[in-house]
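Enquirer: These protein sequence lines are chains V and H, in that order. Under this note's numbering, think of the first position of the first sequence as 31, with each following residue one higher. Under this note's numbering, think of the first position of the second sequence as -8, with each following residue one higher.
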Amino acid sequence: MEYLAHVKHLTDLQEGKKVVLTIRDLSPGKQKYLARVARVEVSRQPEALSKWDTLWAHSVVGFKDPQPWGMKIVEELGPTVPGQPYSDIYEALAKM
Amino acid sequence: MIRFGEEEEAMATVMEKPGVGIAKDQREFVEVCKRTGDVVIVEKQVDWDLELGAISRRATEIDGPAVVFNNIKDYPGQSIFVNPISTWRRAAITLGLPPHARVPEIYAEYIRRDANPFEPTLVKDAASRDVIIKGDKVDLTELATPLIHEGDGGRYLGTWCIVVSKDPDTGWMNWGTYRFMLHNKQHLTGWPFAPSHLGTMLRTKYLPKNMKMPIAIVMGADQSSHLASTSSTRKGRDEASLAGGLAGRSIEIVKALDSDLTFPACAEIVLEGEILPDQVAMEGPYGEYPGYRSGEMGAGILMKVNTIAHKKNPMLSMDCTGYKDCSSTVTALGGGIGVQRKLEQAGLPVTGVYIPSEGAVHLFIVGVKKGHGGRATTVKILDELTDNRTYATKILVVEDDVDIFNLGEVLHAWSTRCHSGRGTFVKYVEGSAQQLTPCYDHEERARRAGAVAAFDVTWPPSWDPTEIPIKATFQAMYPESIKKKVLDNWKSYGF
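1) In whole angstroms, give me the CA-to-CA distance for V330 of chain H and I53 of chain V.
2) Kindly provide the ranges of any beta strand (DSSP E) runs that are 3 or more residues long and lie completely inside the segment 151 to 195 of chain H, ordered along the chain.
3) Which first and last residues belong to the alpha helix (DSSP H) in which A81 of chain H is found?
4) Between G338 of chain H and A45 of chain H, what straight-line distance do the alpha-carbon atoms span, to the nearest angstrom?
5) Can you pull the DSSP bridge partners for L51 of chain V?
6) Taking buried to mean at least 16 other C-beta atoms within 10 Å of its own C-beta, is P56 of chain H buried or exposed?
7) I63 of chain H to E42 of chain H, Cα distance in whole Å?
8) Scan the segment 31 to 62 of chain V for residues whose Cβ lies nearer than 8 Å to a Cβ of chain H and list them as they occur along the chain.
9) Please compile the residues from chain H whose C-beta is within a distance smaller than 8 Å of the C-beta of S117 of chain V.
10) From D127 of chain H to D251 of chain H, what does the alpha carbon distance come to, in whole angstroms?
11) Tell me which residues share the same chain as M273 of chain H and place their Cβ nearer than 7 Å to its Cβ, disregarding the 5 neighbours each side in the sequence.
12) Can you give me the Cβ contacts of T85 of chain H inside the same chain, cut-off strictly under 7 Å, excluding the 5 residues immediately before and after it?
13) Residues of the segment 83 to 114 of chain V in Cβ contact with chain H at a cutoff of 8 Å, in chain order, please.
14) Kindly provide the ranges of any alpha helix (DSSP H) runs that are 4 or more residues long and lie completely inside the segment 247 to 335 of chain H, ordered along the chain.
15) Within 7 Å of any Cβ in chain H, is that where the Cβ of A68 of chain V sits?
16) Interface residues of chain V around R146 of chain H at Cβ under 7 Å?
17) Quick one: any contact between the segment 88 to 108 of chain H and the segment 133 to 149 of chain H, if contact means 3 or more CB pairs under 8 Å?
18) Under the three-state reduction of DSSP, which class applies to G422 of chain H: helix, strand or coil?
19) Between L324 of chain H and A82 of chain H, is the Cβ-Cβ spacing less than 7 Å?
20) Using a Cβ-Cβ distance cut-off of 7 Å, determine whether D65 of chain H contacts chain V.
21) Which stretch, first to last residue, makes up the alpha helix (DSSP H) that contains V477 of chain H?
22) Closest Cβ-Cβ distance between T150 of chain H and chain V: below 7 Å?
23) Spatial neighbours of P183 of chain H within its chain, please: CB distance less than 6 Å, with the 5 preceding and 5 following residues excluded, ordered by chain position.
24) From the DSSP secondary-structure annotation, give me the bridge partner or partners of W450 of chain H.
25) Using a Cβ cut-off of 7 Å, pull out every chain V residue sitting near G28 of chain H, in sequence order please.
26) With 7 Å as the threshold, decide whether the Cβ of G282 of chain H is near any Cβ in chain V.
27) Classify H91 of chain H as helix, strand or coil using the three-state DSSP reduction.
28) List, in order along the chain, the chain H residues whose C-beta lies closer than 8 Å to that of A122 of chain V?
29) Taking Cβ to Cβ, would you say V50 of chain V is nearer than 7 Å to A87 of chain V?
30) Taking the alpha-carbon of K203 of chain H as reference, which of H:I461, H:N480, H:D269 and H:V321 has the nearest alpha-carbon?
31) Apart from the five residues just before and just after G299 of chain H, which ones in its own chain have a Cβ nearer than 7 Å to its Cβ?
32) Is DSSP giving V5 of chain H helix, strand or coil here?
33) For K303 of chain H versus D121 of chain H, is the C-beta distance shorter than 7 Å?
34) Going by DSSP in three states, W82 of chain V sits in which element: helix, strand or coil?
35) Check whether chain V comes within 7 Å of H188 of chain H, counting only Cβ atoms and requiring the distance to be less than that.
36) Can you tell me whether DSSP reads E105 of chain V as helix, strand or coil?
Encoded structure:
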């Protein structure tokens, strides 16, 4: 499976680190780009890249990191995040 | 291809019967645009995943026609009308003017109609209720929603839409145009600017009580209603009545299925739901009207969609946002006039305001009466335009011998008349700046902080009028008799 996620800083993704992201499913069809929240582990080790899902990271302005990550979903956290409207979503995700 | 003969014919009814010939719904507007050469109907299949957006983006950047996509991959039976009012020609058509009407003529007509509103008529039947989907059966992926630009946060469904909300204390029904994207099958995230009418209402009236805010997103209505929805009207003004004024007739409105919100009865599709007070989700980033995707830190609002109602084969509406989009064109119109009103009410000697689409709602050109410019006027204008919503980052104050709609003339005046030292004034703002402004850094965006520069492009009132430099132009430097002679003989000189 392939996913994409927007992150506040591309450097927020680090080898072997677990992080909560809004991930979007890139499977073709009508449901492409639908989102959910998950705790994931990312890695660029060859083992992860070959056996895990693929994650394409985008910066806060939508710049696509040309090098993908391997991504393992550790925990599904549902569709939305607790917080008031206009909250900084990146801070809200970090609290999960 | 612009066919002027057909254009005149198409608009003849309108000119003879003002208010009658103005398109009463989206499909009629498309028909008028067909006759004037202002729309292309695409029957070839296009992919909603970027191809549709790329076609639409290129079309608007070359000042091309609007587009109707009739064959969208995965979505048989649905169509999308794109870039309804991203040119002055289609702004003119919206108001029932000939498509080649000049910008000042379009402004004048808008002002005339704005001053003559018609109250809406409440009706029972909505065009959008051929198909009604409620509750758990709501699936937003069944609507043809494009990924408009590569790198966007998601698929944007609400771009050329009327977003309806209501003040629970005063009963004021607000129509505004704000962006909304698919989050999952039943949720949309949106980004109404926090100080906008909707944002203010949500923050001050609903959130303190932890109340869900009823909301409706309306697409494919008559262009008069869409235009009214984008206007910069004062809080409390009824946009449905303004829409009536712009259309020259009362707009038919209908009550929502799940709330007492009201919206145009002719709409193609309506989403009803609530803004949740205690849940959020990622919103954006999105390529926006400033002509950039700036990054708004994902800080939007979350809508739970409870009901979808639409025509049997709905024609959705879309603004392919970015450089020279519908937003910047209609803001040049309704926004410019709104700013003019505000300055007039403050007692300023304003003769006109132009917000050119090339400036993407960041550049305001303010005309003032000759001899009434100068430092004090410029600073007062700067103060008036940096209140709770600060959209402009550059304000040029010019005298009324400069045609504010002629960007070459304005640029010439700015370059030559504005003293770079004593004619430039900068004001910093906190909490009111537009977060989409590309030159603000992320910290400024988070604080809604920014700065506005006002340029005094007028001659100092203290200068002796007989010593003010005279423009070295054909218009300014020759006697009327010589100018007439030259113009009368122009071809005979060999030109």
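Where is the CB? At the ideal position from N, CA and C, for every residue including glycine.
Expert: The short version:
1) Cα-Cα distance, rounded: 42 Å.
2) With a minimum length of 3 residues, the continuous beta strand (DSSP E) runs that stay inside the segment 151 to 195 of chain H are 152 to 157, 164 to 167, 171 to 173 and 178 to 181.
3) Note on residue identity: the sequence assigns Arg, not Ala, to residue 81 of chain H. In the DSSP annotation of this structure, the continuous segment of the alpha helix (DSSP H) that includes R81 of chain H starts and ends at W79 to T85.
4) Their Cα atoms are separated by approximately 46 Å.
5) Partner(s): V:A68.
6) P56 of chain H sits buried, since 16 or more C-beta atoms from the chains shown fall within 10 Å of its C-beta.
7) I63 of chain H and E42 of chain H have their alpha carbons spaced roughly 10 Å apart.
8) Using a CB distance below 8 Å, the part of the segment 31 to 62 of chain V facing chain H consists of H36, K38, T52, R54, G59, K60, Q61 and K62, ordered along the chain.
9) Within chain H, the residues near S117 of chain V are V271 and A290.
10) Answer to the nearest angstrom: the Cα atoms are 22 Å apart.
11) Scanning its chain for C-beta atoms nearer than 7 Å, with the 5 sequence neighbours on each side dropped, one finds around M273 of chain H the residues G144, T180 and G289, in chain order.
12) These residues qualify, in order along the chain: I76, Q214, S215 and L218.
13) Taking 8 Å as the Cβ-Cβ cut-off against chain H, the residues of the segment 83 to 114 of chain V that qualify are H88, S89, V90, V91, G92, F93, K94, P109, T110, V111, P112, G113 and Q114.
14) Along the segment 247 to 335 of chain H, the alpha helix (DSSP H) occurs as fully enclosed runs of 4 or more residues at 317 to 321, listed in sequence order.
15) Closer than 7 Å: no.
16) Neighbours of R146 of chain H on chain V, chain order: Y63.
17) The answer is no - the segment 133 to 149 of chain H does not touch the segment 88 to 108 of chain H, with fewer than three Cβ pairs under 8 Å.
18) G422 of chain H falls in the coil class under three-state DSSP.
19) Yes, the Cβ-Cβ distance between L324 of chain H and A82 of chain H is below 7 Å.
20) By this cut-off, D65 of chain H is an interface position.
21) Here the alpha helix (DSSP H) through V477 of chain H covers E471 to D479.
22) Contact with chain V is absent for T150 of chain H, since none of that chain's Cβ atoms lies less than 7 Å from the residue's Cβ.
23) Taken in chain order, the residues that qualify are Y169, L189 and G190.
24) Residue pairing by DSSP places W450 of chain H in no beta bridge whatsoever.
25) What G28 of chain H touches in chain V, judged by beta-carbon distance under 7 Å, is nothing: the nearest beta carbon there is about 34 Å away.
26) It does not; no Cβ of chain V falls within 7 Å.
27) It is coil, neither helix nor strand.
28) What A122 of chain V touches in chain H: V271.
29) One thing to note: V50 of chain V has its Cβ no nearer than 7 Å to the Cβ of A87 of chain V.
30) Ranked by Cα distance from K203 of chain H, the first of H:I461, H:N480, H:D269 and H:V321 is H:D269.
31) Looking at the sequence itself, residue 299 of chain H is Ile, so the reference to Gly does not match. Cβ contact annotation for I299 of chain H (same chain, cutoff 7 Å, sequence separation greater than five): I124, V129 and L262, in chain order.
32) The pLDDT assigned to V5 of chain H is 47, lower than 50, so where the model puts this residue is not dependable, and the model offers no usable value.
33) Cβ atoms of K303 of chain H and D121 of chain H: closer than 7 Å.
34) The three-state secondary structure of W82 of chain V, taken from DSSP, is coil.
35) No, no contact with chain V.
36) Correct three-state label for E105 of chain V: strand.
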